[in-house]
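For reference, the structure discussed in these notes is given below.
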Amino acid sequence: MRIEEDIKLGFKDVLIVPKRSALKSRSEVNLFRNINFKYSKFNYLGVPIIASNMDTVGTFSMAVKLSKFNILTAIHKYYSIQNWKNFIFNTSKYVFDYIMVSTGISDQDYIKLKIILSLSSLLKYICIDVANGYSECFLDFVKKVRTDFPEKIICAGNVVTGEMVEALILSGADIVKIGIGPGSVCTTRSKTGIGYPQLSAVIECADAAHGLHGRIISDGGCTNSGDIAKAFGAAADFVMLGGIFAGHNECEGNIIEENDKKFMIFYGMSSKNAMKLHMGKVEVYRTDEGKSVKLLLKGSVNKTVLDILGGLRSSCTYVGAKKIQELTKRTTFIRVLEQENKIFN
Ligand code: 5GP
1 MRIEEDIKLG FKDVLIVPKR SALKSRSEVN LFRNINFKYS KFNYLGVPII
51 ASNMDTVGTF SMAVKLSKFN ILTAIHKYYS IQNWKNFIFN TSKYVFDYIM
101 VSTGISDQDY IKLKIILSLS SLLKYICIDV ANGYSECFLD FVKKVRTDFP
151 EKIICAGNVV TGEMVEALIL SGADIVKIGI GPGSVCTTRS KTGIGYPQLS
201 AVIECADAAH GLHGRIISDG GCTNSGDIAK AFGAAADFVM LGGIFAGHNE
251 CEGNIIEEND KKFMIFYGMS SKNAMKLHMG KVEVYRTDEG KSVKLLLKGS
301 VNKTVLDILG GLRSSCTYVG AKKIQELTKR TTFIRVLEQE NKIFN
């Protein structure tokens with residue numbers, strides 16, 4: 001039995017220290033990044049934030065809206081081929097620069113992925129997504145997709161340790177998605193005892209990825225723009241958000257009315273809700289690893305996006321980063337035992 005004594009940290013265990021800066025205004029901060037990739041020749045130019053491929057959040061409407069802010073959406077894998085055809089036919093080409101096509105790793109998933117990609121050469125991103133990225137068959141699937149689609153930007157996950165990040169990049173992933181257990185509607189840590197505090201996972205996995213010219217996404221655990229800034233400070237290339245983007249008009253979820261207020265149900269992709277919806281039942285050999293919550297409907301996602309971008313610009317100003325890319329080298333984390341004053345919460 002080996003216990004690693006090194007303490008691993010989450011977003012709530014740290015703050016970023018302010019630094020002297022020559023910036024005069026938040027408006028001087030550039031949140032765009034131009035990101036190149038190990039395998040694909042395409043570049044990403046935009047704000048490096050991604051709406052999660054959860055079926056309530058990674059929707060076509062979300063993609064149309066977020067593309068206006070140059071933010072990516074990982075479209076969930078449950079749309080039918082016909083849904084995709086309609087979307088591709090009716091949507092401005094510009095939106096395609098900000099879309100990832102998600103897939104699982106079954107044979108059926110792969111057949112569907114190939115059909116979707118054949119509908120438009122403008123679809124550049126593939127997001128291969130499994131809850132546990134530690135299986136040999138996952139690596140094999142990534143290799144197969146890289147061989148069949150040498151030109152695409154391939155993202156694969158989720159993992160939380162450097163050796164698996166390296167294995168995925170060497171198997172053909174341009175981007176590795178990091179996060180096991182930090183999500184807002186995730187119960188993996190309590191159901192299985194498995195996980196890794198997100199800030200440390202990002203720091204360690206970014207180091208492993210960048211050495212091989214790979215990229216990472218910090219996926220899950222951000223509760224506000226401060227956490228997003230910390231993820232970038234920890235060297236994430238992209239940050240993926242589920243809960244922050246949930247409960248908006250652009251989401252697809254059941255809306256219920258109670259006492260004249262409208263709520264939307266938001267659930268984990270491994271929750272009973274999701275399994276019943278997509279598989280008809282929860283198989284007897286497995287348990288759910290996600291929960292459902294009821295969110296007060298938040299209106300259009302525009303306001304939330306502006307709030308996030310404003311918060312990030314302010315983080316950059318506090319540390320003197322003129323570009324979001326500079327946030328990492330301008331960040332010094334301090335470990336803390338308190339975050340904020342909760343007297344009025
Ligand atoms: P959030 O931004 O809401 O904190 O985290 C979103 C991420 O949580 C998703 O992108 C996905 O990686 C993860 N996630 C979504 N649903 C589930 C679930 O049911 N179980 C687990 N373990 N993780 C989930």
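Numbering-wise, the UniProt record's numbering puts 125 at position 125 of the sequence shown, and it's gapless, one number per residue.
Virtual Cβ for every residue (Gly too), placed ideally from N, Cα, C.
These numbers were taken from a predicted model, which means no experiment stands behind them.
CB-CB length for Ile128 against Ile175, believed under 8 Å
Incorrect: roughly 10 Å between the Cβ atoms, too far for contact.
Quick check: does the Cβ of Cys137 come within less than 7 Å of any heavy atom belonging to ligand 1?
no
Tell me which residues share the same chain as Phe141 and place their Cβ nearer than 7 Å to its Cβ, disregarding the 5 neighbours each side in the sequence.
These residues qualify, in order along the chain: Ile105, Ile128.
Can you give the Cα-Cα distance for Arg313 and Thr331, rounded to whole angstroms?
14 Å
Is Lys177 helix, strand or coil by DSSP?
Secondary structure of Lys177 (DSSP, three-state): strand.
Any beta strand (DSSP E) of 3 or more consecutive residues that is wholly inside the segment 304 to 344
333 to 335
Top-ranked residue by Cα proximity to Val284, from Lys291, Met275, Leu139:
Answer by Cα proximity: Met275.
Which first and last residues belong to the alpha helix (DSSP H) in which Arg189 is found?
188 to 192
C-alpha gap between Phe266 and Gly181, whole angstroms
17 Å
Using C-beta distances below 8 Å, list every residue in its chain close to Val336, excluding the 5 sequence neighbours before and after it, in chain order.
Take Val336, set aside five residues on each side of it, and the residues of its chain with a beta-carbon closer than 8 Å to its own are Asp13, Val14, Leu15, in chain order.
Would you list the residues sitting across from Met264 in a DSSP beta bridge?
Ile255, Leu295
According to DSSP, is Thr147 helix, strand or coil?
Looking at Thr147 - three-state DSSP - the assignment turns out to be helix.
Taking 6 Å as the limit between beta carbons, can you name the residues of its chain near Ala208, skipping five residues before and five after?
Gly162, Val165, Glu166
Could you check how far apart the C-beta atoms of residue 428 and Val185 are, in whole angstroms? I think they sit under 8 Å.
Summary: the structure shown does not reach residue 428, with the chain confined to residues 1 through 345, and so no result is reported for it.
Hey, how far is the Cα of Leu297 from the Cα of Glu5?
If you take the alpha carbons of Leu297 and Glu5, they lie about 43 Å apart.
Grouping DSSP H, G and I as helix and E and B as strand, with all else coil, what is Asn249?
coil
Only counting runs of 3 or more residues, tell me where the beta strand (DSSP E) segments fall wholly within the segment 13 to 100, in order along the chain.
14 to 16, 33 to 35, 44 to 51, 71 to 75
Could you give the first and the last residue of the continuous beta strand (DSSP E) run that contains Asp129?
That run of the beta strand (DSSP E) goes 125 to 129.
Put Asp109 into one of helix, strand or coil per three-state DSSP.
In the structure shown, Asp109 sits in a helix (DSSP, three-state: H, G or I).
Considering only residues of the same chain and omitting the five flanking positions on each side of Ile194, which have a CB-CB separation below 7 Å?
Ile180, Gly181, Thr188
When we look at the beta-carbon of Asp107 and count the other beta-carbons within 10 Å, is it buried (16 or more) or exposed?
For Asp107, the number of other beta carbons within 10 angstroms of its own is below 16, and it is reported as exposed.
Looking at Asn158 and ligand 1, is the gap between the Cβ and the nearest heavy atom below 7 Å?
yes
Run through the DSSP bridge pairs and tell me what Gly157 is partnered with.
BP columns for Gly157 point to Asp129, Lys177.
Terminal residues of the continuous alpha helix (DSSP H) containing Asp219?
Asp219 -> not in any alpha helix (DSSP H); beta strand (DSSP E) instead, spanning 215 to 219.
Please state whether the Cβ-Cβ distance between Ile50 and Leu72 is less than 8 Å.
yes
Given 7 Å as the limit, tell me if Cys205 has its C-beta closer than that to any heavy atom belonging to ligand 3.
The model on display carries ligand 1 but not ligand 3.
Give me the residue from Met100, Lys144, Glu257, Thr91 with the minimum Cα distance to Ile111.
Lys144
Is it buried or exposed, residue 404, if we count other Cβ atoms within 10 angstroms and call 16 or more buried?
In the structure displayed, the chain extends from 1 to 345; residue 404 sits before or after that span and is not available.
Residue environment, Ser300, which counts as buried when at least 16 other CB atoms sit within 10 Å
exposed
Just reading off the beta strand (DSSP E) that Phe238 is part of, what are its end residues?
238 to 241
If you measure from the CB of Pro182, is any heavy atom of ligand 1 nearer than 7 Å?
yes
Whose C-beta lies closer than 6 Å to the C-beta of Glu204 among residues of the same chain, with five residues either side of it excluded?
Gly162
Close-in-space but distant-in-sequence residues of the same chain around Gly311 (CB under 8 Å, 5 per side omitted)
Asn224, Ser225, Gly226, Ile228, Ala229
In whole angstroms, what is the alpha-carbon distance linking Thr103 and Ile7?
34 Å
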